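**Student:**
Numbering (the working numbering), first residue to last: 22 to 114.
1. Is residue 63 helix, strand or coil when you go by DSSP?
2. Report all residues from its chain with a CB closer than 6 Å to the CB of residue 50; omit the five preceding and five following residues, and keep chain order.
3. Distance check for residue 48 and residue 56, CA to CA, integer angstroms please.
4. Quick check on the burial criterion: 16 or more other C-beta atoms within 10 angstroms. Buried or exposed for residue 53?
5. Indicate the three-state DSSP secondary structure (helix, strand or coil) for residue 76 in the structure shown.
As structure tokens, then:
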């Protein structure tokens, strides 16, 4: 799994290898999307903070690649375009 001397790996290397072995790419993508779409809604600040912290653990140094960066930009762009609060009432008719 890690190869080489396990006494010489960093915590970041361990986490990356652990996640690669035990979390599928589709689960990682789903958790990242969940994190990006997280909103406070009816939660009190403490609940939202706890949910944010929990969700953020699945987003290790993301976006890590150019492809991830592009995917994030497209996802955020689509999200902004679909947000009805950003349209005026005149635009809706």
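All residues carry an ideal CB built from backbone N, CA and C; glycine is no exception.
As the structure is a computational prediction, the values presented were derived from the model and not from experiment.
**Tutor:** Based on what the coordinates show:
1. coil
2. none
3. 12 Å
4. buried
5. helix
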